[in-house]
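To start, the structure itself, in structure tokens.
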Amino acid sequence: MSSQSSNTESLSRFPLWQVITPVRRKVILAMALAGLAALTSLGALLFLAWSLRDIRATPDAIPAWPLGGVIGCVVLTFVLRLQAFNTSHYAAFHLENILRSRLARKALQLPPGVLQQMGSGSVAKVMLDDVKSLHIFVADSTPLYARAIIMPLATIVILFWLDWRLAIATLGVLAFGSVVLVLARQRSENMAQRYHKAREQVSAAVIEFVQAMPVVRTFDSGSTSFLRYQRALEEWVDVLKTWYRKAGFSARFSFSILNPLPTLFVLIWSGYGLLHYGSFDFIAWVAVLLLGSGMAEAVMPMMMLNNLVAQTRLSIQRIYQVLAMPELSLPQSDQQPQEASITFEQVSFHYPQARTGAALQEVSFHVPAGQIVALVGPSGAGKSTVARLLLRYADPDKGHIRIGGVDLRDMQTDTLMKQLSFVFQDNFLFADTIANNIRLGAPDTPLEAVIAAARVAQAHDFISALPEGYNTRSRGTWGISLRRPAAAHYYRPGAFAGSPHPGAR
Numbered sequence: 001m002s003s004q005s006s007n008t009e010s011l012s013r014f015p016l017w018q019v020i021t022p023v024r025r026k027v028i029l030a031m032a033l034a035g036l037a038a039l040t041s042l043g044a045l046l047f048l049a050w051s052l053r054d055i056r057a058t059p060d061a062i063p064a065w066p067l068g069g070v071i072g073c074v075v076l077t078f079v080l081r082l083q084a085f086n087t088s089h090y091a092a093f094h095l096e097n098i099l100r101s102r103l104a105r106k107a108l109q110l111p112p113g114v115l116q117q118m119g120s121g122s123v124a125k126v127m128l129d130d131v132k133s134l135h136i137f138v139a140d141s142t143p144l145y146a147r148a149i150i151m152p153l154a155t156i157v158i159l160f161w162l163d164w165r166l167a168i169a170t171l172g173v174l175a176f177g178s179v180v181l182v183l184a185r186q187r188s189e190n191m192a193q194r195y196h197k198a199r200e201q202v203s204a205a206v207i208e209f210v211q212a213m214p215v216v217r218t219f220d221s222g223s224t225s226f227l228r229y230q231r232a233l234e235e236w237v238d239v240l241k242t243w244y245r246k247a248g249f250s251a252r253f254s255f256s257i258l259n260p261l262p263t264l265f266v267l268i269w270s271g272y273g274l275l276h277y278g279s280f281d282f283i284a285w286v287a288v289l290l291l292g293s294g295m296a297e298a299v300m301p302m303m304m305l306n307n308l309v310a311q312t313r314l315s316i317q318r319i320y321q322v323l324a325m326p327e328l329s330l331p332q333s334d335q336q337p338q339e340a341s342i343t344f345e346q347v348s349f350h351y352p353q354a355r356t357g358a359a360l361q362e363v364s365f366h367v368p369a370g371q372i373v374a375l376v377g378p379s380g381a382g383k384s385t386v387a388r389l390l391l392r393y394a395d396p397d398k399g400h401i402r403i404g405g406v407d408l409r410d411m412q413t414d415t416l417m418k419q420l421s422f423v424f425q426d427n428f429l430f431a432d433t434i435a436n437n438i439r440l441g442a443p444d445t446p447l448e449a450v451i452a453a454a455r456v457a458q459a460h461d462f463i464s465a466l467p468e469g470y471n472t473r474s475r476g477t478w479g480i481s482l483r484r485p486a487a488a489h490y491y492r493p494g495a496f497a498g499s500p501h502p503g504a505r
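All letters in the sequence shown, in the order written, are residues 1 to 505 by the UniProt record's numbering.
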């Protein structure tokens, strides 16, 4: 338990920028292009002030060079910014592909019991939603980070070159707005965690409600399942209202200060005073007005994205928690069982999250090959646990489980799966034909063998009565397109289709 908590703490300190390591070069290129775009946009403003100076000096002449510089810088800014976002978006898509591939490979290496404990909704959320949330950080935030850093720094340097007094006034407005925003964020940090947790509970309630719909229609009016969803939604709304009430005013106030208008207001009156006393040049004042108001505008988009970036950090933590899970140990050499007997020797096992005692305690039994055995006992006796351990959903805490005298831990996964045929209590159906669902474990199985397996499972008559027989398509997850008992009816032959001797094990 301590190791798990330490892993969680280390992941909470996981650097946000380290996740871009596979696409680091593309991200750096995108940020460099965004930084150059920020510099060229400042160049356009300087050329504009230069053109006003020439117009004031010679009103009858057209300032061709300064205006050409303005047009050139504007076009170059547009091209660089467009290329920066294209590069960052391609990097984001590439990173999503890499992470989803890593998570898929990791899922294949995890004990099946771990995946079952996580649930299909949680696995799908990590592989789809959490990976997708990285798109905001990699594709949108990285160019804005470069712009939010380079543009204010370059602007301050130019402002100090034009007039140090107005540069200090600009920094004062920016610093005041930033302090107010930081204080607002400190007050809302705990609320942000509550908000994300409440939203995850709403998502989990929706998945549970949709997946349980076939059972709800049969045994319930829907009020119980919908009530859990309604409570999760009401809690999310309460958290959102509390967050707005606690941090809404200070956040809006800081955003209004960091708007270009307050900076422009301060620079106008400060420059007017300096100009009135004759210690300031008019063209320099115009340049300061153009540059100073744009500095706050460069910082604002990044601040608006900070909440989404914070959510991205939580997604990264969940992704790396999955990647850090211990994998199912596989042997260096594969041992092949010579017969099909099953032996449990002093097997003990407990579920990691269970608060009760061991699910199995020093269980021993032997089933000879070809013998039919039924596990009978009250709920919680360990019947399902025995079946899961035989499928190596998890490894026992103590003892050995053998098939044909070979320990399960000495077999490769493919070898173990070839020794077993099994039917789940829940029906996992794919959006494909009934025939392809039956032959899923052996895709090259001819139709004759599929029909033979269906006959053994006593499903042939039911399947033949369907409009398209074995070519009837299921709509996929949980067999929602058919009644649940019917889905189970034609799910069972798949356990026999891959076995050369149906019913042998």
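Think of the CB as a built atom: it goes at the ideal place given N, C-alpha and C, for glycine as much as any other residue.
The region 280-291 and the region 98-118 do not touch, with fewer than 3 CB-CB distances between them shorter than 8 Å.
Pairing W236 with V202 gives a Cβ-Cβ distance under 9 Å.
Under the three-state reduction of DSSP output, F430 falls in the coil class, being neither helix nor strand. Contact check for I403 against L389 fails: the beta carbons are separated by 9 Å or more. Assignment of F422 by DSSP, reduced to helix, strand and coil, places it in the coil class.
When Cβ pairs closer than 8 Å are counted between the two stretches, the region 44-55 is seen not to touch the region 261-278, the count staying below three. Per the C-alpha coordinates, the member of A454, D140, G113 positioned closest to F85 is D140.
Cβ-Cβ separation between V180 and I257: approximately 6 Å, consistent with a contact (criterion under 8 Å). Per the coordinates, the alpha-carbon of Q332 lies some 57 Å from the alpha-carbon of K241.
DSSP, reduced to helix, strand and coil, places S364 within a strand of the structure shown.
In this structure, the straight-line span from the alpha carbon of L290 to that of A92 is close to 34 Å. Taken through DSSP and simplified to helix, strand or coil, R473 comes out as strand.
The beta carbon of T433 is closer than 6 Å to those of N471, R473 in its chain, skipping five residues each way along the sequence. With at least 16 other beta carbons inside 10 angstroms of its own, A435 counts as buried. Nearest C-alpha to V79 among P63, L33, S88, L42: L33. With a contact defined as Cβ atoms closer than 8 Å, V126 and V322 qualify at about 5 Å.
Within the region 106-182, the complete alpha helix (DSSP H) segments at least 4 residues long are 112-118, 120-124, 131-135, 142-162, listed from N- to C-terminus. L166 places its beta carbon 9 Å or farther from that of L52.
Distance from T413 to L330 at the Cβ level is roughly 7 Å; contact confirmed, criterion being Cβ atoms closer than 8 Å. Short of 8 Å from the beta carbon of F160, and not among the five residues preceding or following it, lie these beta carbons of its own chain, in chain order: A167. If you draw a straight line from the Cα of A148 to the Cα of R56, it is about 33 Å long.
For P66, the CB contacts under 7 Å within the same chain, skipping 5 residues up- and downstream, are F47, W50, S51, D54 in chain order. Scanning I372, I316, A459, A205 for the CA closest to the CA of F137 turns up I316.
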